[in-house]
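Numbering (the UniProt record's numbering), first residue to last: 1 to 494. Using N, Cα and C, we set each Cβ at its ideal position, and we do this for glycine too. A quick write-up on the structure given underneath.
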């Protein structure tokens, strides 16, 4: 029976499980959406029990389908929405509060206070991150301060905290393992990515006890094995990475300078910087791309909070779309000079602005504005934000020659072409679009010995379509100027 790998891809709006054969082809897939909870302006939560329930059900469904086709699942890889924080009782792995999602802005004032206290430089130097509520540390501190008895229980050692990967591993192993990997740890603001360890000074700054933190392993490692009741036998968990780092692996961006951009709920551009910690002078992030065999590979990252989530809002919020896939046809209906600009700052703006207070806005609407113009403006806003990230990278001395893209949004040919036109850069879309899950599978496969190294993986990567920038594309400068005016206006209003 041929071997295969189960990837659990726990995202911001849905949980998916995909089984890949060793060629990287999809054998089975299962997906379930779950609730988005908005308790207050700028607050975003998930029910961690729903995350577990949907993750387990989709994993079991994909596992069953794959093995019914004659395959044998040899290992599990996990990839997850990063920064989202869960605090749970060690006994029974019971969450004590909803998970606080990476998009959540409730700790913006805490971050301002820490900046005013002079901690910004130390945090950025050690973690590569900016002081922003996006990252996990202030979310954990909020949970400890606002869940009744949490600090006392943490001090007594009865509580555990982690990002979603850590929570899923605890559930899968029956509470036996409390671990994470270096990529997820690097997003917490508590992990020194130079020394690769939890940092005592950072823990003190954020008021976090080390007793609740997981052990940090390589991205390819023994994370434990599932309890036999879940899949009928114990299966080893051998690969873990945050979603954007997993996509970097899935896109085979192993060479220094290789760059990818993932268009899911948010948009995230990562560029491999090799063994070098490269600080950004233009408000990008320095992060861990992956850690294998004890060796750390770093990356520069630009983070956009809202990408596909804006299309989801069009569908579920104001209901001008029946399906996300309808966005391409509608975008093609709008005129090039439609004049509508969206700033999709539903939870603030990420890189390079890092403004937690700005909120979403539509500019330039007339009586003639309809569904097509709003949809097109929404898609274009993601392309404009990507342009801003690339401009910041250029100011840091980085000039990529081609961009590899993935994620649900770039299945839209119109958007992929508009991205190439605005960036004035070729855009490569891979044959296998599920690169986040594929990266988790690759990491698990490397640890299991199913692949001998990166060369095996690189040989499998295939470009499904290249979108070359249109040399006759007009209005680029004018469009970008109006976009920047719209961003300035939204920030001024906030």
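Annotation for residue 303: the continuous beta strand (DSSP E) segment containing it runs 295-304. Approximately 5 angstroms separates the beta-carbon atoms of residue 422 and residue 387; this is inside 8 angstroms, confirming the contact. Here the C-alpha atom of residue 104 lies approximately 17 angstroms from the C-alpha atom of residue 312.
Between the alpha carbons of residue 18 and residue 367 lies a gap of roughly 45 angstroms. In the DSSP assignment, residue 352 is bridged to no other residue. Under the DSSP assignment, residue 184 falls in the alpha helix (DSSP H) whose first and last residues are 182-185. Here residue 49 is not bridged, per DSSP, to any residue. Taken through DSSP and simplified to helix, strand or coil, residue 310 comes out as helix. Close CB contacts of residue 33 within its chain, under the 7 angstroms cut and outside five residues either way in sequence, are with 13 and 14 (chain order). For residue 327, the CB contacts under 7 angstroms within the same chain, skipping 5 residues up- and downstream, are 311, 321, 375, 379 and 412 in chain order. A residue is called buried once 16 or more other Cβ atoms fall within 10 Å of its Cβ, and residue 181 is buried on that count. In the structure shown, residue 267 adopts extended strand secondary structure according to DSSP, grouped into three states. Note that the stretch 162-169 touches the stretch 78-86; at least 3 beta-carbon pairs, one per stretch, sit closer than 8 angstroms.
Counting along the chain, residue 109 sits inside the alpha helix (DSSP H) bounded by residues 108-116. The C-alpha of residue 219 is placed about 26 angstroms away from the C-alpha of residue 91.
Counting only runs of 4+ residues, the alpha helix (DSSP H) found wholly inside the stretch 37-83 occupies 48-68, in chain order. According to DSSP, residue pairing for residue 340 in a beta bridge does not occur. Of the other Cβ atoms in all chains shown, fewer than 16 fall within 10 Å of the Cβ of residue 1; this residue is therefore exposed. In the structure shown, the three-state DSSP call for residue 198 is strand. The beta-carbon separation of residue 466 and residue 251, rounded to 14 angstroms, does not stay under the 8 angstroms limit for a contact.
Taking all protein chains shown into account, residue 262 has 16 or more neighbouring C-beta atoms within 10 Å of its C-beta and is therefore buried. Taking 8 angstroms as the upper bound for CB-CB distance, residue 269 and residue 259 are in contact here, some 7 angstroms apart. Within the model, the alpha-carbon separation for residue 208 versus residue 155 is close to 10 angstroms. Taking the CA atoms as reference points, residue 69 sits about 44 angstroms from residue 198.
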